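*Asks:* Encoded as structure tokens, here's the structure I'll be asking about.
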Amino acid sequence: MKILIINQPVNNRGDESAHKALVRSLSREFPQHSIEVAIIMEQKDSVRQFMVKEKNVSYWTYLSDFKNPNFFQKCYRAVVVHRLFNQFLIYAMSHQKVNWLRLNPITRRIWKKINEADIVVNAPGGICMGGFQNWRHIAYLEMARRSGKDIYYYGRSFGPFPEETEANRVFKEFSIRLLRSFKFLAIRDKKSEQLADSLGLSYQTTVDTAFLETPRAEIPHDVAQAIGNNYMVFVPNALRWHFAYRSVPQERIDNLFNGILEKISQVDVTMKIVMLPQTFNYRTRLMNDINFFRDLRMSSPYHDRIIVVDDKYSSDIQQTIIAGSRFLVGARYHSAVFAINNSVPFIALSYEHKIEGMLSSLGDSESMMDISDLSAPDRVETILEAFSQRLRSLSFHDQTTLKAKSVANECFLQLKKCIHG
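Take the sequence shown: its position 187, counting from 1, is numbered 613 in this note's numbering, and each next residue is one higher.
This is the structure in structure tokens:
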């Protein structure tokens, strides 16, 4: 049997951890089956950093970067592969002309790859089917549906579905039809479960796929020396990349995270503050965490105690670093996942429903602080005051880790049963 994994997000350590946990688990459970991961239009280095090296696992990197591209190849990639292709795909999908995708040589090749598979697994990840309205995401799923493939939509959040425009309504229509067609649907948060219930969908409750394993890796010598033995981990978030924060002044976001840095620094004057970038290899400066982290460090009076770890290190290394920390404060979903996975006390700074939904599912909402509404100028002071109080009473609840791993393993068990039929 040939298992094809599609819609794999890259350039994010959280997505990397979920990818590796799922692929390693599938590889162990189905050693006689071929597992192929299709990663389309992404940089080769991004794919390389995600790769799981097992005998029955392979990667199909379609339309990845040219090696040492010349001027014409760069132009072709920017104009033909990205802009024109994406415009064509969005037009075809939003006008419900799915069969047009068979006319385009790019999508025809992708459709052929899907047809070659026995089953299709949609990689775990975020809300591509929802607020970010990712047309490529649903296009590949629709190809699989029309090809008659069993589709396993694993460990995803989805929704909400806006309806303001005709394109919104068409996207919602496609999404709901797809959700109803999946052979296996595993939902990783309470908010998405509530939407599924309202739609009458059958689903398996899960949590983030990263909880399927607790990896360990050797921390590079220079990093180990820099962070020492007395440190905490801080993962801020520039936020302006997110559709809900585009109108929030960057200065207000900076003030929030600088204020949090100040509160953390007062816990122990000898403690290092380690920042672990979650995003990497994006083509825009804003999207790469390390730029925001370095700016925060330079503007902080505590810069000599702040270590910004390079963004080239894997999620396995990051989890190993977190495992040795005193506590974690994170405004990225997977920073909270990594803390729970390694039984480290944490405060999750919730900027959207993913974090809230996960911690609600695990019965640990008290480890979360809501920072989602930054529209009011005085909101930062309110958050900082609440954060200071939370920091003083920080503790870890062992049952959170136990429940997360139990739910993740039960979902994977149900996936195995469904695949075996």
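By construction, the Cβ of each residue, glycine as well, lies at the ideal position given by its N, Cα and C atoms. Note that the structure is a prediction, hence the values are computed from the model and not measured.
In chain order, what are the residue ranges of uninterrupted alpha helix (DSSP H) at least 4 long that sit wholly in the segment 559-612?
*Replies:* Listed in chain order, they are 561-572, 592-607.
*Asks:* For my contact list, I747 and V659 are in at a C-beta cut-off of 8 Å; report their separation, rounded to the angstrom.
*Replies:* One-based indexing of the sequence shown puts residue 747 at position 321. One-based indexing of the sequence shown puts residue 659 at position 233. Confirmed, Cβ separation roughly 7 Å.
*Asks:* Mind listing, in chain order, the continuous beta strand (DSSP E) runs of no fewer than 3 residues lying wholly within the segment 688-766?
*Replies:* 698-701, 732-734, 754-756
*Asks:* Please look up how many angstroms separate the CB atoms of A464 and I431, rounded, as I've assumed it's under 8 Å.
*Replies:* Stepping through the sequence shown from its first residue, residue 464 is reached at position 38. Stepping through the sequence shown from its first residue, residue 431 is reached at position 5. With a contact defined as Cβ atoms closer than 8 Å, A464 and I431 qualify at about 7 Å.
*Asks:* For a quick check, are the C-beta atoms of G581 and G556 less than 8 Å apart?
*Replies:* Position 155 of the sequence shown, counting from 1, holds the residue named residue 581. Position 130 of the sequence shown, counting from 1, holds the residue named residue 556. Not a contact, by the Cβ cut-off of 8 Å.
*Asks:* Using CA coordinates, which residue listed in R595, L448, R509 is at the minimum distance from P641?
*Replies:* The residue given as residue 641 occupies position 215 in the sequence shown. Taking each of R595, L448, R509 in turn and checking the Cα distance to P641, the smallest one comes out for L448.
*Asks:* Output yes or no for whether 8 Å exceeds the beta carbon distance between Q630 and Q840.
*Replies:* For the purposes of this step, residue 630 is taken as the residue at position 204 of the sequence shown. For the purposes of this step, residue 840 is taken as the residue at position 414 of the sequence shown. The answer is yes: Cβ separation under 8 Å.
*Asks:* Anyone know if the C-beta pair for L800 and I679 falls short of 8 Å?
*Replies:* Along the sequence shown, one-based indexing puts residue 800 at 374. Along the sequence shown, one-based indexing puts residue 679 at 253. Judged by their CB atoms, L800 and I679 are nearer to each other than the 8 Å cut-off.
*Asks:* If you check the beta carbons only, do S810 and G654 fall under 8 Å apart?
*Replies:* As a first step, residue 810 must be located in the sequence shown, where it is residue number 384. As a first step, residue 654 must be located in the sequence shown, where it is residue number 228. The displayed chain sequence assigns Leu, not Ser, to residue 810. No.
*Asks:* Could you tell me the boundaries of the alpha helix (DSSP H) in which M784 lies?
*Replies:* Here residue 784 is taken as the residue at index 358 of the sequence shown, counted from 1. Taken as a continuous stretch (DSSP letters only), the alpha helix (DSSP H) holding M784 covers 779-787.
*Asks:* Can at least three beta-carbon pairs, one atom from the segment 763-783 and one from the segment 466-484, be found at a separation below 8 Å?
*Replies:* no
*Asks:* So the candidates are F597, R535, L817, E590; which of them puts its Cα closest to the Cα of E688?
*Replies:* For the purposes of this step, residue 688 is taken as the residue at position 262 of the sequence shown. With distances taken between Cα atoms, E688 lies closest to L817.
*Asks:* Only counting the same chain, and skipping five residues up and downstream in sequence, which positions put a Cβ closer than 6 Å to that of E455?
*Replies:* Translated into positions along the sequence shown, residue 455 becomes position 29. Around E455: K842.
*Asks:* I'd like to know whether the C-beta atoms of I553 and V546 end up nearer to each other than 8 Å.
*Replies:* Here the question's residue 553 lines up with position 127 in the sequence shown. Here the question's residue 546 lines up with position 120 in the sequence shown. Cβ atoms of I553 and V546: not closer than 8 Å.
*Asks:* Taking F637 as the reference, give the member of A444, Q469, S490 with the closest Cα.
*Replies:* On the sequence shown, position 211 is the one that residue 637 refers to. The candidate whose alpha carbon is nearest that of F637 is A444.
*Asks:* Cα separation between Y485 and R450?
*Replies:* Counted from its first residue, the sequence shown places residue 485 at position 59. Counted from its first residue, the sequence shown places residue 450 at position 24. About 14 Å.
*Asks:* In angstroms, rounded to a whole number, what distance separates the CA positions of R509 and E568?
*Replies:* For the purposes of this step, residue 509 is taken as residue 83 along the sequence shown, with counting starting at 1. For the purposes of this step, residue 568 is taken as residue 142 along the sequence shown, with counting starting at 1. Cα to Cα, R509 sits roughly 21 Å from E568.
*Asks:* For S399 and I645, which I take to be in contact (beta-carbon distance under 8 Å), what is that distance rounded to the nearest angstrom?
*Replies:* In the structure displayed, the chain extends from 427 to 847; residue 399 sits before or after that span and is not available.
*Asks:* Can you name the start and end residues of the alpha helix (DSSP H) that D796 belongs to?
*Replies:* Within the sequence shown, the letter at position 370 stands for residue 796. Careful: D796 lies outside any alpha helix (DSSP H), inside the beta strand (DSSP E) at 794-796.
*Asks:* Specify the secondary structure class of A447 as computed by DSSP and reduced to three states.
*Replies:* In the sequence shown, counting from the first residue as 1, residue 447 sits at position 21. Here A447 sits in helix by DSSP.
*Asks:* Across which residues does DSSP place Y485 in a beta bridge pair?
*Replies:* Along the sequence shown, one-based indexing puts residue 485 at 59. According to DSSP, which records beta bridges pairwise, Y485 is partnered with V463.
*Asks:* Starting from I545, follow its DSSP beta bridges and name the residues at the other end.
*Replies:* Within the sequence shown, residue 545 is the residue found at index 119, counting from 1. Answer is I429, D576.
*Asks:* Could you check whether Q745 and N768 sit closer than 8 Å to each other, using their CB atoms as the reference points?
*Replies:* The residue you call residue 768 lines up with position 342 of the sequence shown. The residue you call residue 745 lines up with position 319 of the sequence shown. A contact, by the Cβ cut-off of 8 Å.
*Asks:* So, with DSSP's three-state summary, where would you put I686?
*Replies:* Position 260 of the sequence shown, counted from the start, is the residue given in the question as residue 686. Correct three-state label for I686: helix.
*Asks:* Leaving out the 5 sequence neighbours to the left and right, which residues in its chain are closer than 6 Å to K446 when beta-carbon positions are compared?
*Replies:* Stepping through the sequence shown from its first residue, residue 446 is reached at position 20. Non-local C-beta neighbours of K446 in its own chain, meaning closer than 6 Å and more than five positions away in sequence, comprise V478, ordered along the chain.
*Asks:* Let me check one thing: in DSSP terms, what residues is G551 bridge-paired to?
*Replies:* Here residue 551 is taken as the residue at index 125 of the sequence shown, counted from 1. According to DSSP, which records beta bridges pairwise, G551 is partnered with R582.
*Asks:* Any idea which residues DSSP pairs N437 with across the strands?
*Replies:* The residue you call residue 437 lines up with position 11 of the sequence shown. N437 is not bridged to any residue.
*Asks:* Mapping DSSP to helix, strand and coil, what is Q630?
*Replies:* The residue you call residue 630 lines up with position 204 of the sequence shown. Secondary structure at Q630: strand, using DSSP grouped into helix, strand and coil.
*Asks:* Determine, using beta carbons only, whether K829 and G783 come nearer to each other than 8 Å.
*Replies:* In the sequence shown, counting from the first residue as 1, residue 829 sits at position 403. In the sequence shown, counting from the first residue as 1, residue 783 sits at position 357. Taking 8 Å as the Cβ cut-off, K829 and G783 do not qualify as a contacting pair.
*Asks:* In whole angstroms, give me the CA-to-CA distance for N525 and S624.
*Replies:* By one-based count along the sequence shown, residue 525 stands at place 99. By one-based count along the sequence shown, residue 624 stands at place 198. Their Cα atoms are separated by approximately 31 Å.
*Asks:* If you drop the 5 nearest sequence neighbours on each side, which residues of the same chain put their C-beta closer than 6 Å to that of H521?
*Replies:* Locating residue 521 in the sequence shown gives position 95, counting from the first residue. Around H521: no qualifying Cβ.
*Asks:* Under three-state DSSP, which class holds A774?
*Replies:* Counting from 1 along the sequence shown, the entry for residue 774 is found at position 348. When secondary structure is reduced to three states using DSSP, A774 falls in the strand class.
*Asks:* For P662, count the other beta carbons within 10 Å of its own beta carbon; 16 or more makes it buried, fewer makes it exposed. Which is it?
*Replies:* If you number the sequence shown from 1, residue 662 lands on position 236. With 16 or more Cβ atoms within 10 Å of its Cβ, P662 is classed as buried.
*Asks:* Grab the span of the alpha helix (DSSP H) containing Y517 for me, first residue to last.
*Replies:* For the purposes of this step, residue 517 is identified with residue 91 of the sequence shown, where counting begins at 1. Run containing Y517: 511-520, per the alpha helix (DSSP H) assignment.
*Asks:* DSSP three-state label for F660, please.
*Replies:* Mapped onto the sequence shown, residue 660 falls at position 234. If DSSP states are grouped into helix, strand and coil, F660 belongs with the strands.
*Asks:* What's the gap between the Cα of L754 and the Cα of F813?
*Replies:* In the sequence shown, counting from the first residue as 1, residue 754 sits at position 328. In the sequence shown, counting from the first residue as 1, residue 813 sits at position 387. If you take the alpha carbons of L754 and F813, they lie about 13 Å apart.
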